[in-house]
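Residue numbers (the working numbering): 11 to 407.
Heads up, the thing below is written out as structure tokens.
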């Protein structure tokens, strides 16, 4: 009986060693395969922000890899201790301990649990090609900011203040400082023929202005058409070396509410406030086949406003270059598209789908009131007398 018990103890001891060796092999395999390993030993770190590498530069700037996620911790504190320390005889040699990747952590985020069953029901929030349409109620600013702000992104913003349009610049800049990409590095590039009229506006730390002289014109259509060429060349000469994202915005506008990182994506377009309730047969597309902006009847997704264009610097550069080339081709044939660069923009976006679309909240018109769909106005075109501010518009009698 004593011999039998001794043999059983030997067998049990052998089983323990086998289990220990199997555990060591399993942990080594985890070391090789698992990336990232979530650090759950600190109970104050309820969420972790995993920083994945991004290695695709554009003009000496990194391409922002949007494969970054807030991931909820899977391991409890007790589980973590059992894996890391598990007793003296089961502990791994220091050379075999799991090397945790470098991660950035946020403090505990407290927010209402999202639902897959409840949300906006009176508007469409995703396109047929699965690009999100950003409306109030479709994103949580707390979560969005916790993802993007630690990236220390640089945002270029172009604005054209040519001729009498320079009068709108102060309101644009002052309201942008209150609402546009707050706590991000923002570089405003102001294109103007009236440098002396550019207002001095107090900017937040990390935000600055560059003034780029441009010629004036006796035709507002020419000013509008030249915008794409100037954006293209400025990206090539300067912005491409400095920024991660670019926003091209109209100056005769004001910010009224948050415009933040929820608007960031590879190629971003904004639905025109005048046509979001219409079907494409009512859109002011260029319908003449002779124009390079031509969109045939029966085609079209949405009508996009030219007042807001955004995305990765390289993608906006590609768009601007395309529009400039098509504008020049039309000009060589004595054709001017119905709405100049906006017409060419809509053709480009029809065949090169945007990866994110901003709702009319991000491009409203001051003479319109909020409604059931547009619950908040973030950015709006101001009321103005076109005959007074545009050089070749006839005044009404």
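Glycine included, C-beta positions come from ideal geometry on N, C-alpha and C.
The residues 283, in chain order, have a CB closer than 7 Å to that of residue 378 in the same chain once the five nearest residues on each side in sequence are set aside. When only Cα atoms are considered, residue 240 and residue 333 end up about 11 Å apart.
Going by beta carbons, residue 310 and residue 293 fall inside the 8 Å limit. Assignment of alpha helix (DSSP H) within the segment 148–209, counting only whole runs of 4 or more residues, yields 151–158 and 179–189 in chain order. At the C-beta level, residue 354 and residue 373 stay beyond 8 Å of one another. Taken through DSSP and simplified to helix, strand or coil, residue 285 comes out as coil.
Residue 219 sits in a strand when the DSSP states are folded into three classes. Between the segment 292–306 and the segment 379–390, the count of Cβ pairs shorter than 8 Å is below three; the stretches do not touch. Counting of Cβ neighbours within 10 angstroms places residue 162 among the exposed residues, the total staying below 16. In this structure, residue 256 lies near residue 323, with their beta-carbon atoms less than 8 Å apart. One alpha carbon belongs to residue 173, the other to residue 327, and they sit about 25 Å apart. Taken through DSSP and simplified to helix, strand or coil, residue 359 comes out as helix. The residues 321, 325, 364 and 365, in chain order, have a CB closer than 6 Å to that of residue 277 in the same chain once the five nearest residues on each side in sequence are set aside. Taking all protein chains in view, the Cβ of residue 139 is surrounded by fewer than 16 other Cβ atoms within 10 Å, so the residue is classified as exposed.
Pairing residue 259 with residue 318 gives a Cβ-Cβ distance under 8 Å.
Ranked by Cα distance from residue 194, the options 303, 349 and 268 are led by 268. By the Cβ-count criterion, residue 152 is exposed, with fewer than 16 other Cβ atoms from all chains shown falling within 10 Å of its own Cβ. With 16 or more other Cβ atoms from the protein chains shown falling within 10 Å of its own Cβ, residue 313 counts as buried.
Per the Cβ contact rule, the segment 181–198 is in contact with the segment 211–223 (3 or more Cβ pairs under 8 Å). Assignment of residue 144 by DSSP, reduced to helix, strand and coil, places it in the strand class.
Membership of residue 325 in the alpha helix (DSSP H) is indicated by the continuous run 323–342.
Residue 196 places its beta carbon 8 Å or farther from that of residue 245. In the structure shown, residue 118 falls within a coil segment according to DSSP collapsed to helix, strand and coil.
Taken through DSSP and simplified to helix, strand or coil, residue 255 comes out as strand. DSSP places residue 137 outside any beta strand (DSSP E), giving it a letter other than H or E.
Residue 160 has its alpha-carbon roughly 34 Å from the corresponding atom of residue 376. Under DSSP, no beta-bridge partner is assigned to residue 291. Exclusion of the five residues before and after residue 357 leaves 303 and 305 as the residues of its chain whose Cβ lies within less than 6 Å of its Cβ. Per the DSSP secondary-structure output, residue 368 pairs in a beta bridge with 144 and 280. Taking the CA atoms as reference points, residue 217 sits about 8 Å from residue 198. In the three-state reduction of the DSSP assignment, residue 353 falls in the helix class. Exclusion of the five residues before and after residue 134 leaves 143 as the residues of its chain whose Cβ lies within less than 7 Å of its Cβ. Of all alpha-carbon atoms in 119, 118 and 148, the one lying nearest the alpha-carbon of residue 128 is that of 148.
Taking the Cβ atoms as the reference, residue 359 lies roughly 10 Å from residue 280, outside the contact range of under 8 Å. In the DSSP annotation of this structure, the continuous segment of the beta strand (DSSP E) that includes residue 264 starts and ends at 263–265.
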